[in-house]
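Residue numbers (my numbering): 13 to 191.
What follows is the structure, encoded as structure tokens:
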């Protein structure tokens with residue numbers, strides 16, 4: 013007598029790492045789901061997706077996982093597939109398969125959208141970075157970055173404008189988001 017194949021639900025790949033991304037990122041990955049001696053598969057994150065960063069859709073033989081983080085951080089969840097054992101004499105028994113999902117999220121880099129020099133003051137303007145709590149401006153000279161202090165700030169809801177006092181004819185600046 014042949015031994016029946018044990019029931020199984022398997023994901024391929026067995027885990028997903030969306031890698032290092034920035035706030036505002038949205039990405040999806042399609043996963044193959046194989047099953048042996050299992051029917052009626054249902055999926056869910058249970059209480060492992062507490063920040064609702066991940067969502068899924070399922071179709072026969074596949075699950076698509078979407079990551080949509082809204083804040084910096086490291087996020088992990090486990091998608092669980094539960095199905096019914098179809099072997100004779102095992103009715104009512106369940107089989108479980110799991111898929112680990114992760115993503116690390118940082119802040120976007122500010123994008124300078126304008127700048128001018130008027131009466132020894134540089135005015136730098138950039139788009140607001142989601143989730144940034146503050147910004148730092150660095151003066152760049154020969155590849156060396158020096159933090160600029162004592163800066164005035166204006167925030168109109170779309171752009172940040174900062175003024176930097178300087179007597180130099182031309183300066184190079186970079187802006188970093190802090191969160």
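Positions of the beta carbon are idealized from the N, C-alpha and C atoms, including for glycine.
For residue 37, the three-state DSSP class (helix, strand or coil):
Coil at residue 37, not helix or strand.
In chain order, what residues of the same chain have a beta carbon less than 8 Å from the beta carbon of residue 57, not counting five sequence neighbours either side?
Taken in chain order, the residues that qualify are 66, 68, 89, 90, 91, 92.
Quick one, which of 49, 42, 33 has its alpha-carbon nearest residue 94's?
49
Quick one: Cα of residue 33 to Cα of residue 44, how far?
Cα-Cα distance, rounded: 24 Å.
Ignore the nearest five residues each way along the sequence and tell me which others in residue 17's own chain have a CB closer than 8 Å to its CB.
48, 49
Opening and closing residue of the beta strand (DSSP E) in which residue 76 lies:
74 to 79
Identify, in the order they occur along the chain, each residue of the same chain with its Cβ nearer than 6 Å to the Cβ of residue 75, setting aside the five sequence neighbours on each side.
43, 45, 68
What's the call for residue 108, buried or exposed, on a 16-neighbour Cβ count within 10 Å?
Counting other Cβ atoms within 10 Å of its Cβ, residue 108 stays below 16 and is therefore classed as exposed.
Near residue 51, which residues of its chain fall below 8 Å by C-beta distance, leaving aside the five closest residues on each side in sequence?
95, 96, 98
Pull up the CB-CB distance for residue 142 and residue 120, whole angstroms please, since I reckon it's below 8 Å.
Indeed, because the Cβ distance is near 7 Å, the residues count as touching under 8 Å.
Just grab the DSSP bridge partners of residue 109 for me.
93
Euclidean distance between Cα positions of residue 53 and residue 102:
When rounded, the distance between both Cα atoms is 16 Å.
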